[in-house]
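When the sequence shown is numbered by full-length UniProt numbering, its final residue is 1193 and no position is left out of the sequence of numbers. C-beta: ideal position from N, C-alpha, C; glycine also. Report on one structure; see the data block that follows.
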Amino acid sequence: MRAPCTPPISEKARYAPIALGWGDKKTQFHGSLGKSAAQAGLDLSTVGTSPDDDSMPRVSWRGDGALFVVSAVSPATGENTRSRRMVRVYSREGALSSTAEPVAGLEHALAWRPSGNLIASTQRFGVEDGLAKGKEGRHDLVFFEQNGLRHGEFALRERSEGKRKENATSRTWGYRVKELAWSADSNVLSIWIESDEEDIVQLWTTGNYHWYLKQEIAAPRDSSGGPGRFTSVTWHPEDALRLILTTSSQIIQRTYIWDTYASRSQPSNDTGSVAVFDGTNILLTPFRTQNVPPPMCAFSLGLSPSTPSEPPASKNPRTAVPIHAAFGAEQDVLGVLWESGRVEVYDLHIRIGPGRGKVVSPEKLWAGDVKGVIEPNTSRSYRQIVVLGASNVGNTEEGGKSARLAVLGADTAASTPDVVRVATLTPDGLVDEFELELPSRNGRLLSADDLVLWQAPLGDIFEIDQQNPNPILRCSFPEFCATASQVYTTRADDQAVPLSLYVGLSLSGKLHVVRDEGTARTLANNVTSFTVASGFLIYTTSAHVAQFAPLDTIVDLCSSSPAGSELPELPTWESRRVERGSRIVTAVPSTMSLVLQMPRGNLETINPRPLVMAVVRQHTNSGEYGKAFAACRKHRVELNVLVEQDQESFKTKIPQFVEQVDDVDYINLFLTSIGQGSLPAELVAELCDGIRTELEMRDLKRYVNSILTAHVVKRPPDHEAALTLLLRLKESEPQLVEEAVKYIIFLVDADKLFDTALGMYDFSLVLMIAQHAQKDPREYLPFLRELRALDAHYQRFRIDDHLKRYEKALRDLNDAGAERFDEAMAYVEKHQLYDAALAIWRPTDQYKSVLNIYGDWLFERRDFHSAAFVFRQASKPMKAMIAHEKAHEWQELFELAIQEQLPPDELSSMAYRVAEDLAAKKRYSDAARSLLDYAEDVREAVKTLVEGSHFSEARRIIALRSYPELLVEIVHPGALECRAQLAEDIHEMREQLRKQVARLRELRVRKVEEPDAFYGVEDVALHDVDVMTDVSMAPTTFTRYTQAPSSVSRTTSKRSSRSKRKLERKVGSGRKGTVDEEEYLLKSVTKLVGRFNTTQADAASLLSHLLQFTEEHQNEARSLQADLHSLENELRDAVEEIWTKPTPEGDEAADTAPEGWAARMQEHDKQRQVNPLDKVSKPELAKQEWKLRLPVS
C-alpha cells in the first residue's frame, strides 16, 4: 500500500497561535513574581521526555474525521539539546494545522475527545532534568486545544505513593499510563494504568469544571496467580457507555448507566441527601438544609477499606474505589459496596434542624466482606447494593430495629446467572444470610422500602423471598429499565388500601408504570429523569418541562387504560418549564423543594407548586394552620387555599387558626388575602365576622388593627362599622385609636374614610381622619363650618347630598319640614328620585303633586301609557287624555272624554284626529269605529274601511246605516283599486322570480364549467411563473382566506372592530359575482314565497266581493284568479328546480381525479365549500284553498 501523502513532521504550521488584546508579555502584570517573571522565558533545554515514555508515535482522530493529532518524539538537534515529545494537529489531507507549545515531561498517551474541544495527554513532574518542575511523583492529565494551546489539567490518583523506584526498569514510579480513550459521547475518559502489581482502568467524568474518578477496573489475575494484565481497552463506537476490555484469555464487556445515589427517607426524617463518588471519597450533601454546588459538598466521607489478606490463588481483584452505594429507606444509613464484595455501612447522623456543629457526623456501623458460594477457579464480581427496611441500627436499646442488605453480583464465568445475597444487619453483625440464584444474568435490583426486587434483562420483575426457593414474578416492564423503583400509593377513592406501583425509565427515554400482576403502561416517551415525592411522580422531559403526575391518578388510569397504551397527560397534571437539559437530582418533601442539575453541573433548587400544595393540604387536614400559613407565605401561595381545602372545617376551627397564627400582621395578611381573592363575598363576610368575633373575645386592644381589617376587606367593605369601633375606643384609649386611625388610612383610601366619617355625622371623627390623612385644611374646614351653621335635618341633607346618597338626602329634606317641599320636588326632578318620592309622600297630602311631576317625566320620556295612568291617579284628566291620545288608546281616551263631559264639537274633532292617527298606523277598523261612534260620519268610516281592504265590514255598515249609494261611490272603485294593486304586485313578483331563476341557472352552469373562477382558486399552471406582470397596480394583502381587509399601517382597535362588523354585514349581501351570490338568491326566493302567500290571502278575500259587483268586477276577478294561479304554478316549479341537488357522476369523477399536490389541494378546497342549499331551507307554499269555482261565462 502506498501512503497518499507523507508530509514532513517539522513543516511550518498553517495556524500559529497569536495573542490578542494582552500586549507584550514584558508589559503584563505578574503579581508577586515581579519583573523577573516578565523577562524569564521558557528554557527549551529543560524540556524533555518522561522516563516512562515508550518513544512511540501516537495518532488520534477527531470525532468527525476532519483532523487528527500526532504525538511524536522530536530528536535532539543543534538548538534542542534534548529530545522532547511534540503534539501536532493535521488536516485529513495531511497539512499541518498547528503545533502545540513544548511541554516538559509530556508522555506518549494521546486521545482526542470526539466532540473536538480537548486533546488529552499525560505529564510527569519531578526534579529530574526534562520533567516538569513540581512535586516528585506528581502525575497530571493535561489538555490541549485544537490550536495547540494548553487548556487545563487534573492530577491522577494512584494507589501507590508515586515514589520513584531506584531499581525499576520499565516503570520508574511503579506504574505508568499506557493509553487514554474517550467514550463515544465524550462524557467518560478511561485511563489505562499499568503497574507492577496489576493493570487498572480508571473512568473519569467531569462536571462543573471538576474531574471525578468514578470507577476503577482491575484486570483479573491469570490462571497462575500472576498480575492481571489488559491487552486492550476500547469504548464501543455506538453504545456510548459500553467499555470493552480484553486480557490474554478473556473479553470483558461492561455497560454503565448514570445513577443518582439519593436518600429515600420519608417525612419528617427526609434529609434529601445525595452521595457522589469521587475516587475514595464520597461527597455528601443534605439538600434539606443546604444547597452546595458540586464539586463542593457538606461533608466528604473518606473511604480506605482495609483489604484482608487473600490466598495467592484468589481471582478476586481489589480496587480502592467503590462500585455502588445506596441509602436506607427510613433514615440516612449509607451502604457502600466494592466490586470484591466488601460492604461498609454508615449511620450518617445528619442534622435536620438548625443548630451548631457538623451537618454530617458519620459513624461506621459495620464493615466486612459478603462471601458467597463460589465455584472453584472462578471469582465473583458484585455491582449493586440495596438497603431495605428500618435503618435504626446503631447502639439501639430495646425495640431497636434492624436493616436488611441485598447485594447483587455474578460469577466471572459468562454462562452463570446473577446471584443475590440478602442479610439482616444488627449491632452484632450479619444474621439470616441467604443466597439465591436468579433466572438470568445482567439484571438489576429495584429501589424499594421492604422488598427485595430484581429486574431481569427483559423487564420482568421478581420478588426475592427467603421462604421461597424460586423468585416470584410480580409484573413486567415492556423493556429493561435501567432506573426503576417501587413505591406504595393508594387509589383516589380508597385511601385505606396501599397499592404497589413500579416506575421504570428505559435507556430510550420511555417512562413505564405497572401495578402488581398488571400490564405496563407508557407514561411518556421523552423522559430524561424522574423521582417520586409527596404523592407525585415527577419527571423531566427532553422538551425541558417538569411534569407532576399524581400517583393515585396513575393507579386509576392503569386500571382503566387498555394494555400497552400510552397514558394521557391529563389537564390536572401540573407542569412547569425548567432550564434546558435539566435533570432531577432529588426531591425533599419536607421543604417542598426539587433539586435540578444543569448540563454543566451546577444545581438549582425550585419549589414547585404541587409539592407546596401537598404539604399545605397535609397541614390543613391535620389542623396545623400555623405551619400551613408559613408555607403559603414563604412560597407566595394565595392564602385562600387554607379555606378552600375544607370550608366547613375551617369555619369550626377559627379559634384554633387564630391561636396558631397569633401574630397581628399575619392575621391582617390572611384577611387581606381572602378579601382580595376569588372566594364568594358571602363566605368572605362570614369568615371575617368569625375571625373578628374571636379576636374581640381574646383581646380587643391588641387585635384592633386586625378587627379593622376584618371590617374593611369585606365585599362591599364595612367602613362605617370600622369607624364605629374607633368611636367606641376614642374616649378610653386615645393613643390606641390614633395608631389605629393611621393603620386604617394606610389600608383604605383616605378620601373614602373621610366621606364615611362625614356620613356618620360625627365631626370630631371627621377631623381626626382628615388630620391623620394630612388633608389640606383649606379643603374641608370651610365646608365643615358651613355645615355646623345649619339645623340638624338640613345639615344631614347637605352631607348626604355631598356623598351622593340622594335617596337618604331626600328623606332628610322631607324631615326638614313642609317649607322645604318645593326644594324637595326640584331635587326629585334633578336626580329622578320619583320612586323614592312616591314612597316618602304616599301618606301625605302632597302625594298627588308628586304623581303630577312623575307623570310629566314619563310623558317627556314618551311613555304615554304609563303617563296616562299616573295622570289619572294625580286627578289630572286633561293631561291623561293627551297621554291616551299620544298612546293611541282611543277607547280609554273617549271614555275619559265622556266622563269629563266634553262638548260634541270637541268630541267630533278628537274623533277625526284619532281616526287619522289610527289609519296612519294601519289600524283601519279602529279608525272607522271612532268615526262612526264619536263623529257619526258614515262616508269617512266606509272610506277608511275600503282603504284597509275591509270590504265586508264596509258593506255591513252601508247596509246598517242605509247608505246604498256609498256602495257604488266608494266600494266599487276601491275594489278595482285593490285589484290593480294586486296585479302590480303579481307582475313584480313574476319578474323577480324569472330574473333570479335565470341567474341561478347561469351560476350553476358556471360552477360546473369554470369551478376555479367560481370559487376563486388560482391556476395551478401559474405556480412556477416568475415573470412580473407589466400592469401597474397598488399592492394588496388580500387572499381568498382573508376575512377582513388588512392594512400596512396600524389603526385603532375600535376602527378595526367597526370594519370587521361592517364586513360581516356585507356577507350574503348578494353582490353580483361574489361567492355569496347564490346563497343570497336562494334567500330572496324564500322571501318571495312568503310574500306570495300573503298576496294569496288578500286575493282570496277580494275575489268574493268582485264577483258580486258589476260585470267589470267579475271579469277582473277571473283575471286575478288566473294570474295568481299562473304565478303559483310558476313559483312551485321554480322552487322544485332550485332546491334539487345535482347527482354526482361517479365514473366521470373517477376519470378526472386531480393530479399533483396543488390540484388535490384545490379540489379539497372546493369540497370544503358548503352548498348553499344546505344553508337555506326549502320554502313551502301556503296550502290554503283560495280559488273560487267560477261559473263559465
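From the options, residue whose alpha carbon lies closest to that of residue i
{"i": "E1180", "options": "E435, W1139, L945 and H987", "result": "W1139"}
{"i": "I257", "options": "P295, N187 and E145", "result": "N187"}
{"i": "S1101", "options": "L966, E604, L1120 and A100", "result": "L1120"}
{"i": "F68", "options": "D54, M56, E93 and D52", "result": "E93"}
{"i": "F1109", "options": "F327, G148, F821 and L976", "result": "L976"}
{"i": "P471", "options": "V641, S440 and L1127", "result": "S440"}
{"i": "A883", "options": "G855, Q899 and T693", "result": "G855"}
{"i": "S866", "options": "G355, E892, P903 and E1010", "result": "E892"}
{"i": "W211", "options": "L180, R242, G137 and G152", "result": "G152"}
{"i": "Q846", "options": "A818, A836, R861 and E696", "result": "A818"}
{"i": "residue 1199", "options": "A406, S415 and L453", "result": "Past the edges of the chain, shown from 1 to 1193, lies residue 1199, and the structure says nothing about it."}
{"i": "R351", "options": "Q901, N281, P362 and Y175", "result": "P362"}
{"i": "V588", "options": "N291, R820, W173 and R342", "result": "N291"}
{"i": "G948", "options": "K921, S500, L767 and T844", "result": "K921"}
Residue i vs residue j beta-carbon contact at 8 Å
{"i": "V422", "j": "A403", "result": "no"}
{"i": "A520", "j": "S476", "result": "yes"}
{"i": "F125", "j": "L141", "result": "no"}
{"i": "V704", "j": "V748", "result": "no"}
{"i": "A484", "j": "L446", "result": "yes"}
{"i": "V82", "j": "V47", "result": "It should be noted that the sequence gives Arg, not Val, for residue 82. In this structure, V47 lies closer than 8 Å to R82 by Cβ."}
{"i": "L725", "j": "I745", "result": "no"}
{"i": "W366", "j": "G429", "result": "yes"}
{"i": "E1116", "j": "R979", "result": "yes"}
{"i": "Q455", "j": "F434", "result": "no"}
{"i": "A935", "j": "Y963", "result": "no"}
{"i": "R88", "j": "T99", "result": "yes"}
{"i": "P220", "j": "T412", "result": "yes"}
{"i": "L241", "j": "S183", "result": "yes"}
{"i": "L451", "j": "A482", "result": "no"}
Cβ separation of residue i and residue j, assumed to be a contact under 8 Å, to the nearest whole Å
{"i": "L596", "j": "R609", "result": "Wrong, their Cβ atoms sit about 15 Å apart, outside the cutoff."}
{"i": "M881", "j": "A897", "result": "6 Å"}
{"i": "H793", "j": "T756", "result": "Contact flag wrong, Cβ pair sits at about 21 Å."}
{"i": "D332", "j": "S268", "result": "Going by Cβ atoms, the distance from D332 to S268 rounds to 13 Å, so no, they are not a contact pair."}
{"i": "G105", "j": "S50", "result": "5 Å"}
{"i": "residue 1223", "j": "D552", "result": "The question about residue 1223 has no answer, for the chain in this structure spans 1 to 1193."}
{"i": "F530", "j": "V503", "result": "7 Å"}
{"i": "F299", "j": "V360", "result": "4 Å"}
{"i": "G623", "j": "V661", "result": "Going by Cβ atoms, the distance from G623 to V661 rounds to 13 Å, so no, they are not a contact pair."}
{"i": "residue 1202", "j": "V487", "result": "Residue coverage of the chain in this structure runs from 1 to 1193, which leaves residue 1202 outside it and unanswerable."}
Limits of the alpha helix (DSSP H) - the one that residue i falls within
{"i": "residue 1196", "result": "The requested residue 1196 is not part of the displayed model; the chain covers only 1 to 1193."}
{"i": "L982", "result": "H972 to E1009"}
{"i": "L729", "result": "H719 to K730"}
{"i": "V292", "result": "Taken as a continuous stretch (DSSP letters only), V292 belongs to no alpha helix (DSSP H), as it is neither H nor E."}
{"i": "residue 1208", "result": "For the chain, the structure presents residues 1 to 1193; residue 1208 sits outside this window and is missing."}
{"i": "F864", "result": "F864 to Q873"}
{"i": "L596", "result": "Segment S593 to Q597 is the beta strand (DSSP E) holding L596; no alpha helix (DSSP H) there."}
{"i": "H888", "result": "It is not in any alpha helix (DSSP H) - H888 carries neither H nor E in the DSSP assignment."}
Bounding residues of the beta strand (DSSP E) (the contiguous stretch that carries residue i)
{"i": "E1078", "result": "Taken as a continuous stretch (DSSP letters only), E1078 belongs to no beta strand (DSSP E), being part of the alpha helix (DSSP H) at E1077 to L1106."}
{"i": "F144", "result": "H139 to F144"}
{"i": "I464", "result": "D460 to I464"}
{"i": "G855", "result": "Where G855 is concerned, there is no enclosing beta strand (DSSP E), although the alpha helix (DSSP H) it sits in stretches over Y847 to E860."}
{"i": "A549", "result": "V545 to P550"}
{"i": "F154", "result": "R150 to A155"}
CB contact check: residue i to chain C, cutoff 8 Å
{"i": "N668", "result": "Absent here is chain C; the protein component of the structure consists of one chain."}
#### Entry: Complete beta strand (DSSP E) runs within the stretch 619 to 692 (minimum length 3 residues, chain order)
Qualifying beta strand (DSSP E) stretches: none in this window.
### Task
Could you name each continuous beta strand (DSSP E) segment of 3 residues or more that falls completely within the stretch 179 to 255, going from the start of the chain to the end?
With a minimum length of 3 residues, the unbroken runs of beta strand (DSSP E) contained wholly in the stretch 179 to 255 fall at 188 to 195, 199 to 207, 210 to 218, 232 to 235, 242 to 246 and 251 to 255.
### Any beta strand (DSSP E) of 3 or more consecutive residues that is wholly inside the stretch 40 to 128
Entirely contained in the stretch 40 to 128, the beta strand (DSSP E) runs reaching 3 residues are, in chain order, 58 to 61, 67 to 74, 84 to 91, 96 to 99, 106 to 112 and 119 to 124.
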